[in-house]
Amino acid sequence: MTRTVEMYKCLQQSPQIYRLLMHYLHLVTIPLYSVSIYVLVSKTTKVLKNYKNYLLWHILGNIVFEVYISLLMLPMTYLPFPVFRSTGILMHFDLNGLLAFYALMYLIMHIFISILEMFRYRYNVAIDKTSKSYSMVRNLYKVNYGFCILSPIIAGCALPSCLSHQLLYKNQLFDKYNDAVPIEIMCNTTVIAPPFSDTVMILTLIIIVILCILGGIIITTTTRGILKKLDEMRSNMSARTVALQRMLLISLVVQGLVHCIMLIIPIATFLYAIVYVLTNDVIAYIGILVISFHGPFSTIAMIIFTKPVQDGIKGLFRPIVERRSTIQLSAVAISWNKSM
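Here the sequence shown is numbered in the UniProt record's numbering, starting from 1 and rising by one per residue.
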């Protein structure tokens with residue numbers, strides 16, 4: 001039995017507290033991103049050279065993801081049912097929930113790619129291109145990108161079937177739980193997690209697992225290779241240069257860990273909810289908030305652990321601090337003279 005839903009049900013907003021947090025907490029990130037981009041473009045020294053372009057690419061990817069999840073999609077959950085509904089700007093355009101979810105997934109994949117490209121840049125700077133390890137890492141990247149390309153190809157080819165199956169799975173949910181299921185789950189803007197027996201679901205999960213394994217191998221291999229090379233070059237390179245390369249690598253590793261922790265834990269929670277059933281939407285909303293803020297925390301990590309960027313920010317605000325100090329000293333002097 002196919003069920004219909006009134007359009008006004010599909011335009012219902014997400015819970016107010018969650019919506020306000022997703023909208024207004026992200027305003028705090030505007031000065032963070034603005035200062036970071038300005039410093040990378042205008043204030044960093046030649047030390048970063050082309051690497052700053054990779055940092056800019058990564059930051060811009062974070063911004064796009066943040067705008068998408070907090071303003072455009074703004075996913076709402078219906079636990080214990082494995083359903084997301086778009087309640088952001090996309091809701092008013094009645095964009096299919098599966099397409100909105102695919103966009104979210106590929107934005108995460110884009111961030112994953114940008115991180116790996118930064119590791120590749122750091123690796124290429126340090127490692128001899130004629131070495132066996134260089135060839136091995138290059139082949140790992142080729143395999144990784146092969147699976148990155150394969151994922152949207154499978155999704156695109158299977159899209160008509162997936163869209164029809166979405167309607168089928170929604171109706172099956174109603175048949176199983178009857179009135180316990182909110183009617184807005186039938187909205188076009190919702191996406192329901194397919195069963196693990198679904199072919200596309202299986203293929204997608206396999207690709208995601210392979211990409212995670214490949215990403216872990218690439219990051220581990222490049223990090224170990226760079227550290228080993230830096231140790232070998234201590235006698236041929238200045239201590240300052242070695243320290244700089246090590247600092248940039250540590251900064252990149254920390255950024256990667258921030259993304260890993262703030263993405264994997266919430267995603268694992270959602271997968272747990274699908275398999276073992278969670279009933280508390282608050283947990284889901286906390287997870288979405290954590291996912292939405294992985295970009296700002298990664299940017300903060302970049303500032304803290306990348307000294308050229310840190311110095312650029314200090315240089316940007318130093319005139320303001322010095323001017324304020326001068327004004328305060330002048331005020332004290334005037335007050336002192338008057339008391340005399």
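Backbone N, C-alpha and C define an ideal beta-carbon position, used for all residues, glycine too. Remember, it's a predicted structure, so these values are computed and weren't measured experimentally.
- Residue N280 holds the alpha-carbon nearest to the alpha-carbon of Y78 among D311, P195, N280.
- Contact between the stretch 58-72 and the stretch 285-301 is present, with at least three C-beta pairs closer than 8 angstroms.
- Contact between the stretch 208-226 and the stretch 133-150 is present: three or more C-beta pairs spanning the two stretches fall below 8 angstroms.
- Setting aside the 5 residues that flank it on each side, L72 is surrounded in the same chain by G88, I89, L90, each with a C-beta closer than 6 angstroms to its C-beta; the list follows chain order.
- In the three-state reduction of the DSSP assignment, P319 falls in the helix class, which pools H, G and I.
- According to the DSSP assignment, I192 belongs to the beta strand (DSSP E) that extends over 190-192.
- Under the DSSP definition of a beta bridge, Y78 partners with F81.
- Under DSSP, the beta-bridge partners assigned to S86 are P75.
- Ranked by how close their Cα comes to the Cα of M76, the residues I153, C187, K229, S86 have S86 in first place.
- Contact between the stretch 192-199 and the stretch 158-177 is present, with at least three C-beta pairs closer than 8 angstroms.
- Secondary structure remark: continuous alpha helix (DSSP H) runs of at least 4 residues inside the stretch 177-236, in chain order: 199-232.
- Beyond the five residues adjoining it in sequence on each side, I286 comes within less than 7 angstroms, by CB distance, of no other residue in the same chain.
- Per DSSP, the unbroken alpha helix (DSSP H) holding L150 starts and ends at 132-157.
- In this structure, the alpha-carbon of L244 lies about 12 angstroms from that of R122.
- In the structure shown, the three-state DSSP call for K307 is helix.
- For D281, the enclosing alpha helix (DSSP H) starts and ends at 281-292.
- The Cβ atoms of N96 and N178 lie no closer than 8 angstroms to each other.
- Look at K129 here: in three-state DSSP terms it is coil, with no helix or strand label.
- By the neighbour-count criterion, in which a residue is buried when 16 or more other Cβ atoms sit within 10 angstroms of its Cβ, G146 is exposed.
- Nearest C-alpha to I303 among L116, V253, S36, A155: S36.
- Taking 8 angstroms as the cut-off, the Cβ atoms of S70 and M22 count as close.
- In this structure, C148 keeps its C-beta atom at 8 angstroms or more from the C-beta atom of M201.
- Rounded to whole angstroms, the Cβ separation of T306 and L214 is 26 angstroms, and the two are not in contact under 8 angstroms.
- When secondary structure is reduced to three states using DSSP, V5 falls in the coil class, being assigned neither helix nor strand.
- If you check the CB distance, I207 and S151 come in under 8 angstroms.
- In the DSSP assignment, L21 falls within the unbroken alpha helix (DSSP H) covering 16-24.
- For L27, no alpha helix (DSSP H) segment is defined, and its DSSP state is neither H nor E.
- In this model, A239 and Y54 are separated by some 25 angstroms (Cα to Cα).
- Taken atom to atom, the span from the alpha-carbon of L99 to that of V41 is near 34 angstroms.
- Rounded to whole angstroms, the gap between the alpha carbons of L227 and A126 is 9 angstroms.
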